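*Asks:* Numbering of the sequence shown is given in our numbering, commencing with residue 6 and proceeding in unit increments. Below you will find the structure I want to go over with you.
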Amino acid sequence: MGKFKKILFQDVENPNESADGPITLRISALVMMIYLLIISVTLVMVHHVWWMAGNLLFVAIYGYLLYLTYENHTRTALILYNIVMLGAVCFNVMLIGWDSGLQHFLFTLVLLDLLFTYLSKWSQGVVVMGLCAARLGLYFFCREHGKIVQIEGACDIFLQVLTTVVVFVLLYLSGLMLSKDSQAVERKLMKYNNELQQAANTDTLTKLWNRHYLMHYMGEKVEHPDDFLSIAIGDIDFFKKVNDTYGHECGDEVLRTLANIFKKEMEGHGVAARWGGEEFIFLFEGANGDEAKILLAHLQNAVRKATITYGEVQLRVTMTFGLVEYDTKLRLDENISIADERLYIGKENGRDRIIY
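This is the structure:
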């Protein structure tokens, strides 16, 4: 059983073609082969042996189109599937009558053809109109002519049930593949949109939030404050000297290393973002000024202890911070300005300190 499943679901060799279409064709062809063989047996049971030859021919053609799906001839197999399905439906409806319900198989072709995107909308429209015309033609033919083979009693009930089940199986199969494609496209779009959103909100170098997104985030927080908030702005001491001495790539490594420290230290306490250049901003959620200062001191100490390696260069840096407990009587930008002013007070008074 496992080997049969592996063969049935074998991928196509064409790298530009999805396997969903050929696999659907294979399963549909197998289902129709079994269905037509059962009808052939039914014809034998009602003593119309010769008429089974037509259905056996259709079974053989279905077998051939199965082979085509493994030989990279999916388009030919699809055309052949449409032709043989139309032929089998017309043959059997004229043989055992309109009441057999075999004409409903034409609906399965409409859904199946929609799976194959290389068919143009115009081609799909022509196919649908052709199938509609065929169904109407069969209806009027059956009104004018009686059925050739009379199937009654238990055999008639069995065929009605079987036909209904097979039609719904084929509709479900094609619908499943269509929805699978739609869901796959939707997942790709969602992933792409998330990536775009993340790129728009993230600083490329440090992978921290950028200034724009943090301002948006803080704006939402302060609009409905339900707890203490504190804001700090930090600046790397003598960062220009690092760039001038070791180069901008070394400076970039300093920024990346510190960003990783910020992520670790701020986890569970708030968020950090790149404010611009060598400046960073920190939002402490659920912390008043005194509590935020303690947390900030831990972060400052982690920065002091960190050894930054760039090639053969190893260095350490310090940071100066300005901290403010958010004052709801002031606007967000005014609170940030206070933190910024305190930062510069710290830089003027020796650096490597927190001003609150």
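Virtual Cβ for every residue (Gly too), placed ideally from N, Cα, C. None of these values were measured; they are calculated from a predicted model.
Please report the residue range of the alpha helix (DSSP H) in which serine 125 lies.
*Replies:* Counted from its first residue, the sequence shown places residue 125 at position 120. Element bounds for serine 125: n/a, residue is neither H nor E.
*Asks:* Going by beta carbon distance, what residues of the same chain come within less than 7 Å of glutamine 305, once the five residues before and after it are set aside?
*Replies:* By one-based count along the sequence shown, residue 305 stands at place 300. Within the same chain, glutamine 305 has close Cβ partners Met324, Phe326, Ile359.
*Asks:* Classify alanine 204 as helix, strand or coil using the three-state DSSP reduction.
*Replies:* In the sequence shown, the residue the question calls residue 204 occupies position 199. Alanine 204: helix per DSSP, three-state reduction.
*Asks:* CB-CB under 7 Å to alanine 34, same chain, minus the five flanking residues each way: which ones, in chain order?
*Replies:* For the purposes of this step, residue 34 is taken as residue 29 along the sequence shown, with counting starting at 1. For alanine 34, where only same-chain residues beyond five positions count, the Cβ hits under 7 Å are Tyr67, Leu70, Leu71, Tyr86.
*Asks:* What's the gap between the Cα of proline 27 and the Cα of alanine 311?
*Replies:* Here residue 27 is taken as the residue at index 22 of the sequence shown, counted from 1. Here residue 311 is taken as the residue at index 306 of the sequence shown, counted from 1. In a straight line, the C-alpha of proline 27 is about 58 Å away from that of alanine 311.
*Asks:* Determine whether the beta carbon atoms of arginine 148 and glutamine 108 lie at a separation below 7 Å.
*Replies:* In the sequence shown, counting from the first residue as 1, residue 148 sits at position 143. In the sequence shown, counting from the first residue as 1, residue 108 sits at position 103. It is not a contact, given that the beta carbons lie outside the stated cut-off.
*Asks:* Going straight from the alpha carbon of lysine 352 to that of isoleucine 241, what length do you get?
*Replies:* As a working note, residue 352 is residue 347 in the sequence shown. As a working note, residue 241 is residue 236 in the sequence shown. Approximately 10 Å between the Cα atoms of the pair.
*Asks:* Is the stretch 54 to 63 touching the stretch 194 to 204 in the sense that three or more CB pairs, one from each, lie closer than 8 Å?
*Replies:* no
*Asks:* By the DSSP assignment, the alpha helix (DSSP H) with alanine 311 in it spans what residues?
*Replies:* Within the sequence shown, residue 311 is the residue found at index 306, counting from 1. DSSP places alanine 311 in no alpha helix (DSSP H); its state is neither H nor E.
*Asks:* Between which two residues does the beta strand (DSSP E) harbouring glutamate 290 extend?
*Replies:* Against the sequence shown, residue 290 aligns to sequence position 285. Taken as a continuous stretch (DSSP letters only), the beta strand (DSSP E) holding glutamate 290 covers 284 to 290.
*Asks:* DSSP beta-bridge partners for threonine 333?
*Replies:* As a first step, residue 333 is located in the sequence shown; it is residue number 328 there, counting from the start. Paired residue(s): none; threonine 333 is not in a bridge.
*Asks:* May I ask which residues mark the beginning and end of the alpha helix (DSSP H) holding isoleucine 84?
*Replies:* Your numbering for residue 84 matches position 79 in the sequence shown. Where isoleucine 84 is concerned, the enclosing alpha helix (DSSP H) stretches over 79 to 101.
*Asks:* Exposed or buried, what is histidine 52 when buried is set at 16 or more other beta-carbons lying within 10 Å of its beta-carbon?
*Replies:* On the sequence shown, residue 52 is found 47 positions in, with the first residue counted as 1. Its Cβ having fewer than 16 others within 10 Å, histidine 52 is exposed.
*Asks:* When the Cα of methionine 271 is compared with those of Leu260, Ala237, Glu283, Asp257, which residue comes out closest?
*Replies:* Residue numbering aside, residue 271 sits at position 266 when the sequence shown is read from its first letter. Minimum Cα distance to methionine 271 is reached at Ala237.
*Asks:* Please state whether the Cβ-Cβ distance between valine 1 and leucine 337 is less than 7 Å.
*Replies:* With the chain covering 6 to 361 only, the question about residue 1 has no answer from this structure.
*Asks:* What does the alpha-carbon distance come out to for the pair tryptophan 103 and glutamate 200?
*Replies:* In the sequence shown, the residue the question calls residue 103 occupies position 98. In the sequence shown, the residue the question calls residue 200 occupies position 195. In a straight line, the C-alpha of tryptophan 103 is about 55 Å away from that of glutamate 200.
*Asks:* Under 7 Å, do isoleucine 266 and alanine 297 count as touching if we go by C-beta distance?
*Replies:* For the purposes of this step, residue 266 is identified with residue 261 of the sequence shown, where counting begins at 1. For the purposes of this step, residue 297 is identified with residue 292 of the sequence shown, where counting begins at 1. Contact annotation: isoleucine 266 and alanine 297 have beta-carbon atoms that are not nearer than 7 Å.
*Asks:* Could you check if tyrosine 365 is buried or exposed, using at least 16 other CB atoms within 10 Å of its CB as the buried criterion?
*Replies:* Since the first residue shown for the chain is 6 and the last is 361, residue 365 is missing from the structure and cannot be characterised.
*Asks:* To the nearest angstrom, how far is the alpha carbon of lysine 245 from that of aspartate 257?
*Replies:* As a first step, residue 245 must be located in the sequence shown, where it is residue number 240. As a first step, residue 257 must be located in the sequence shown, where it is residue number 252. Going by the C-alpha atoms only, they are around 12 Å apart.
*Asks:* Could you tell me which of Glu284, Glu283, Thr168 sits nearest to asparagine 106, measuring between CA atoms?
*Replies:* Position 101 of the sequence shown, counted from the first residue, corresponds to residue 106. Inspection of the sequence shows that residue 106 is occupied by glycine rather than by asparagine. When each option's Cα is compared against that of glycine 106, the closest is Thr168.
*Asks:* Does the beta-carbon of isoleucine 88 have 16 or more other beta-carbons within 10 angstroms, so that it is buried, or is it exposed?
*Replies:* Sequence index remark: in the sequence shown, residue 88 carries index 83 (1-based). For isoleucine 88, the number of other beta carbons within 10 angstroms of its own is below 16, and it is reported as exposed.
*Asks:* Tell me which residue opens and which closes the beta strand (DSSP E) that glycine 275 is part of.
*Replies:* Indexing the sequence shown from 1 puts residue 275 at position 270. Where glycine 275 is concerned, the enclosing beta strand (DSSP E) stretches over 275 to 281.
*Asks:* Could you name the residues of the same chain whose beta carbon sits closer than 6 Å to that of isoleucine 44, not counting the 5 residues immediately before and after it, in chain order?
*Replies:* For the purposes of this step, residue 44 is taken as residue 39 along the sequence shown, with counting starting at 1. Here the set comprises Asn60.
*Asks:* Please name the residue in Phe287, Met220, Leu83, Val154 whose C-alpha comes closest to that of leucine 48.
*Replies:* Numbered from its first residue, the sequence shown carries residue 48 at position 43. Checking every option, the nearest Cα to that of leucine 48 belongs to Val154.
*Asks:* Relative to the alpha-carbon of glutamate 284, which residue among Trp214, Lys11, Lys126, Met223 has its alpha-carbon at the smallest distance?
*Replies:* As a position in the sequence shown, residue 284 is number 279, starting the count at 1. Checking every option, the nearest Cα to that of glutamate 284 belongs to Trp214.
*Asks:* I need the boundaries of the alpha helix (DSSP H) containing alanine 237, first residue and last residue.
*Replies:* Taking the sequence shown and counting its residues from 1, the one referred to as residue 237 is at position 232. Element bounds for alanine 237: not the alpha helix (DSSP H) but the beta strand (DSSP E), 234 to 241.
*Asks:* Distance, Cα to Cα, leucine 143 vs valine 98?
*Replies:* Residue numbering aside, residue 143 sits at position 138 when the sequence shown is read from its first letter. Residue numbering aside, residue 98 sits at position 93 when the sequence shown is read from its first letter. Going from the Cα of leucine 143 to the Cα of valine 98 covers about 7 Å.
*Asks:* Specify the secondary structure class of leucine 114 as computed by DSSP and reduced to three states.
*Replies:* Residue mapping note: residue 114 aligns to position 109 of the sequence shown, counting from 1. Helix.
*Asks:* How about threonine 211 and arginine 279: do their beta carbons lie closer than 7 Å?
*Replies:* On the sequence shown, residue 211 is found 206 positions in, with the first residue counted as 1. On the sequence shown, residue 279 is found 274 positions in, with the first residue counted as 1. Yes, the pair counts as a contact, with Cβ atoms nearer than the cut-off.
*Asks:* Which term fits tyrosine 331, buried or exposed, when burial requires 16 or more other beta carbons within 10 angstroms of its beta carbon?
*Replies:* Taking the sequence shown and counting its residues from 1, one reaches residue 331 at position 326. By the neighbour-count rule (16 or more Cβ atoms within 10 Å), tyrosine 331 is buried.
*Asks:* Mind reading off the beta-carbon distance from glycine 275 to leucine 288? Whole number of angstroms is fine, and I expect it under 8 Å.
*Replies:* Here residue 275 refers to the residue found at position 270 of the sequence shown. Here residue 288 refers to the residue found at position 283 of the sequence shown. About 5 Å; that satisfies the 8 Å criterion.
*Asks:* When the distance is taken between beta carbons, is phenylalanine 112 closer than 7 Å to alanine 93?
*Replies:* Taking the sequence shown and counting its residues from 1, the one referred to as residue 93 is at position 88. Taking the sequence shown and counting its residues from 1, the one referred to as residue 112 is at position 107. Phenylalanine 112 sits away from alanine 93, with the two beta carbons spaced by 7 Å or more.
*Asks:* Grab me the residues of alanine 264's own chain with a C-beta within less than 7 Å of its C-beta, minus the 5 sequence neighbours each way, in chain order.
*Replies:* Residue 264 sits at position 259 when you count from the first residue of the sequence shown. Thr211, Lys212, Leu213, listed in sequence order.
*Asks:* Could you compute how far the alpha carbon of glutamate 290 sits from the alpha carbon of serine 235?
*Replies:* Taking the sequence shown and counting its residues from 1, the one referred to as residue 290 is at position 285. Taking the sequence shown and counting its residues from 1, the one referred to as residue 235 is at position 230. Across the structure, glutamate 290 and serine 235 are spaced so that their CA atoms are roughly 7 Å apart.
*Asks:* Counting C-beta neighbours from all protein chains within 10 Å, is the total for serine 179 16 or more, i.e. buried, or is it exposed?
*Replies:* Walking along the sequence shown from the start, residue 179 turns up at place 174. When all chains shown are included, serine 179 counts as buried.
*Asks:* With DSSP run on the structure shown, which of helix, strand or coil describes glutamine 319?
*Replies:* The residue you call residue 319 lines up with position 314 of the sequence shown. Strand.
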